[in-house]
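> Residue numbers (our numbering): 4 to 679. Just so it is clear, CB atoms sit at the ideal spot from N, CA and C, and this is done for glycine as well. Take a look at this one; I'll ask things after.
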């Protein structure tokens with residue numbers, strides 16, 4: 004018994020000691036085993052290097068496990084590498100599948116600014132460029148103190164200049180806040196994110212204008228930075244218009260520059276605006292700029308400012324009445340979310356003295372100043388017979404200081420403007436400029452040469468007329484054939500008793516105008532037609548008179564009102580400045596050419612009534628002008644004259660088209676022939 008007791012005691016004491024010895028031996032030997040395993044695995048990875056390129060196999064160890072990454076050039080090399088790893092002494096597991104290098108179409112590589120100090124790469128990486136080589140290539144272009152995490156897979160199909168494009172991409176990521184992404188899809192670069200600062204946004208816009216050679220830009224979704232102090236200022240002076248502060252987008256900038264060019268009247272526009280977010284959510288950006296430019300239009304030398312949600316105006320108003328209009332607008336008509344700011348206004352003699360006549364599609368707009376109502380009436384009388392198919396909107400204001408012979412100068416300018424497809428006449432003191440588009444090259448050259456001779460003595464005039472380029476035919480036979488093709492077809496017949504062009508006339512007349520540009524040697528004769536026996540004249544539509552948005556030099560009862568008289572119905576006073584003013588639409592039908600044909604003189608009474616200032620905030624309706632019936636004997640000649648007038652306005656030279664004295668039967672309609 005004593006012996007058995009001792010044996011049991013020996014086992015009880017020896018086994019723990021043995022376990023401790025074995026555990027200590029394992030603990031001391033395991034790190035050495037893991038180090039040998041790691042070294043052996045790295046040797047396997049290094050062996051995958053081919054031709055001096057970076058090894059395609061990348062390994063890390065976790066204890067006795069080997070974690071593998073990478074893409075093998077082919078299945079055989081992948082199988083060989085895995086087999087060599089499996090034979091390593093002390094290995095427990097190989098973790099992670101190994102991929103194969105494949106063709107990527109499209110080849111997509113993405114860089115994401117995951118954090119202020121880290122950029123993540125994903126998608127595809129060129130098979131010939133390893134992660135280490137790419138990181139070395141990108142390092143100089145990355146933001147300072149930024150690390151690179153490359154999770155991209157090797158693939159074929161990368162664009163030839165991938166290194167340059169990837170360096171360009173990570174450089175631009177430095178301008179974006181975390182979350183910014185740039186994606187390269189084949190040779191297309193796309194950007195998305197939020198700019199970190201205004202300077203970064205401007206630098207990024209400049210860089211995006213010059214992508215790497217061989218690459219183009221795809222989707223660009225870059226948000227401007229958000230700022231606390233969003234402000235806008237429009238300063239106007241004799242030197243031009245200066246824009247400062249902020250703008251919400253590049254689209255908004257384009258609209259603002261267009262509006263600034265309008266109020267500048269040909270003077271320079273200096274754009275110093277910076278794109279940013281931060282305008283109050285309750286304020287509509289377009290409505291704000293409508294208000295700012297509407298107020299700037301009433302200032303000749305001063306500044307309109309939006310800052311701290313307040314709208315302020317300082318400087319010299321364009322005339323005495325404008326002071327009241329500005330005060331009323333800032334007090335009562337501000338956009339939603341905008342508060343009234345400080346007003347510091349004065350008046351001084353208008354300098355320079357400006358008049359602007361703008362012709363656009365179906366509308367002619369007058370703005371600027373005239374010295375009195377008599378001059379206004381002369382200007383309107385000059386326009387009506389020349390623009391009988393367009394609506395005339397009068398925004399002229401009354402102010403002293405006009406140059407001598409102003410009405411005569413306007414008449415000279417609008418004479419040329421009436422022969423353009425679109426354009427404007429701008430008068431600044433004694434200088435007149437005609438700018439626009441002509442449908443005919445010879446007409447453009449003639450207008451530019453004649454304008455300086457038509458303005459009054461002591462005035463300067465210049466024209467900048469653009470004309471389309473096109474082929475010119477001088478072969479008489481070809482031109483006659485083309486003329487016959489253009490003139491043939493359905494007969495052009497006026498309504499009984501009318502000299503108004505009908506819609507079905509325009510395709511034929513436009514074809515003839517186009518032909519005259521191609522064949523400048525053609526001489527076209529137009530003959531009118533009479534009415535069938537017993538035909539009853541159609542009722543003449545009332546003429547559309549001028550829409551007046553101007554006011555006299557005397558303030559109205561309410562300084563915030565600005566009378567706007569429509570020819571067909573009375574309109575409410577126009578008080579709100581607008582970015583793109585939309586004149587009130589008349590309810591009267593569009594005028595027929597017969598009511599102011601070129602051979603008729605413009606009636607003076609309607610001009611006076613139209614321009615007459617209302618004595619109350621709600622003026623009475625102006626009387627519509629109705630042309631007298633045309634005598635039947637005069638119908639053929641006036642119909643031919645109306646067609647000739649249309650062709651002249653389409654750009655045919657004066658000597659290339661004439662109205663013939665012959666009268667054609669009603670069933671034959673208008674006749675076109677060539678003079679020998």
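Is there a Cβ of chain D sitting closer than 9 Å to that of residue 636, yes or no?
Among the protein chains of the structure shown there is no chain D, as only one such chain exists.
> With DSSP as the reference, identify every bridge partner of residue 462, one or two as the case may be.
In DSSP, residue 462 forms no bridge with anything.
> Which two residues bound the contiguous alpha helix (DSSP H) that contains residue 165?
165-176
> For the region 80-130, which segments carrying the beta strand (DSSP E) assignment without a break, of at least 3 residues, lie completely within its bounds, in sequence order?
Secondary structure in the region 80-130: the beta strand (DSSP E) runs of 3 residues or longer, each lying completely within the stretch, are 96-98, 111-118 and 121-129 in chain order.
> Take every Cβ of the region 172-189, pair it with every Cβ of the region 113-130, and state whether three or more of those distances are shorter than 8 Å.
yes
> Could I get the ranges of all uninterrupted alpha helix (DSSP H) runs contained in the region 371-445, with 4 residues as the minimum, in chain order?
376-386 and 409-420
> Using a Cβ-Cβ cutoff of less than 7 Å, which residues in the same chain neighbour residue 334 once the five nearest sequence positions on both sides are dropped?
343
> Beta-carbon within less than 6 Å of residue 161's beta-carbon, same chain only, minus the 5 sequence neighbours each way: which residues are those?
110 and 129
> If residue 337 sits next to residue 402, beta carbons under 8 Å apart, how far is it from one beta carbon to the other, in whole angstroms?
26 Å between Cβ atoms; not a contact.
> How about residue 286: is its Cβ closer than 8 Å to a heavy atom in the ligand PLP?
The ligand PLP is absent from the structure shown, which contains no ligand whatsoever.
> Quick one: is residue 142 buried, meaning 16 or more other Cβ sit within 10 Å of its Cβ, or exposed?
exposed
> What's the C-alpha gap between residue 601 and residue 298?
The pLDDT assigned to residue 601 is 37, lower than 50, so where the model puts this residue is not dependable; a value taken from the coordinates is nonetheless given after this. Cα to Cα, residue 601 sits roughly 39 Å from residue 298.
> What is the rounded straight-line gap between the Cα of residue 463 and the Cα of residue 470?
Rounded to the nearest angstrom, the two C-alpha atoms are 23 Å apart.
> Which whole-angstrom value is the C-beta distance of residue 168 and residue 134, which I expect to be below 8 Å?
Contact flag wrong, Cβ pair sits at about 17 Å.
> Can you name, in chain order, every residue of its own chain whose Cβ lies under 7 Å from the Cβ of residue 659, other than the five neighbours on each side?
519, 525, 526 and 527
> Measuring CA to CA, which of 521, 500 and 649 is closest to residue 537?
500
> Can you pull the DSSP bridge partners for residue 225?
196
> Between which residues of its own chain and residue 52 is the CB-CB distance below 7 Å, once the five residues before and five after are set aside?
58
> Going by C-alpha to C-alpha distance, which of 189, 227, 165 and 121 sits closest to residue 136?
165
> Any contact of the region 374-394 with the region 437-455, i.e. 3+ C-beta pairs under 8 Å?
Flag = no, the region 374-394 and the region 437-455 do not touch.
> At what residues does the alpha helix (DSSP H) containing residue 511 begin and finish?
Where residue 511 is concerned, the enclosing alpha helix (DSSP H) stretches over 509-521.
> What do you reckon, are the CB atoms on residue 390 and residue 361 nearer than 9 Å?
no
> Roughly how many whole angstroms lie between the Cα atoms of residue 277 and residue 193?
23 Å
> Could you tell me which residues DSSP pairs with residue 65 in its beta bridges?
As DSSP reads the structure, residue 65 sits in a beta bridge with 68.
> So, are the CB atoms of residue 459 and residue 407 less than 9 Å apart?
yes
> Should residue 147 be labelled buried (16 or more other beta-carbon atoms within 10 Å of its own) or exposed?
exposed
> Thinking just about the alpha-carbon of each residue, which of 330, 351, 308 and 435 is nearest to the one in residue 359?
435
> Classify residue 234 as helix, strand or coil using the three-state DSSP reduction.
strand
> Considering only their Cβ atoms, is the gap separating residue 532 from residue 505 smaller than 9 Å?
no
> Please classify residue 674: is it buried, with 16 or more other beta-carbons within 10 angstroms of its beta-carbon, or exposed?
buried
> I'd like to know if the region 59-69 and the region 82-99 are in contact, where contact means that at least 3 CB-CB pairs between them fall below 8 Å.
Contact between the region 59-69 and the region 82-99 is present, because at least three Cβ pairs lie under 8 Å.
> DSSP three-state call for residue 367: helix, strand or coil?
strand
> Hey, residue 282 and residue 320: beta-carbon distance below 9 Å or not?
no
> Under a three-way DSSP split, which group does residue 185 fall into?
strand
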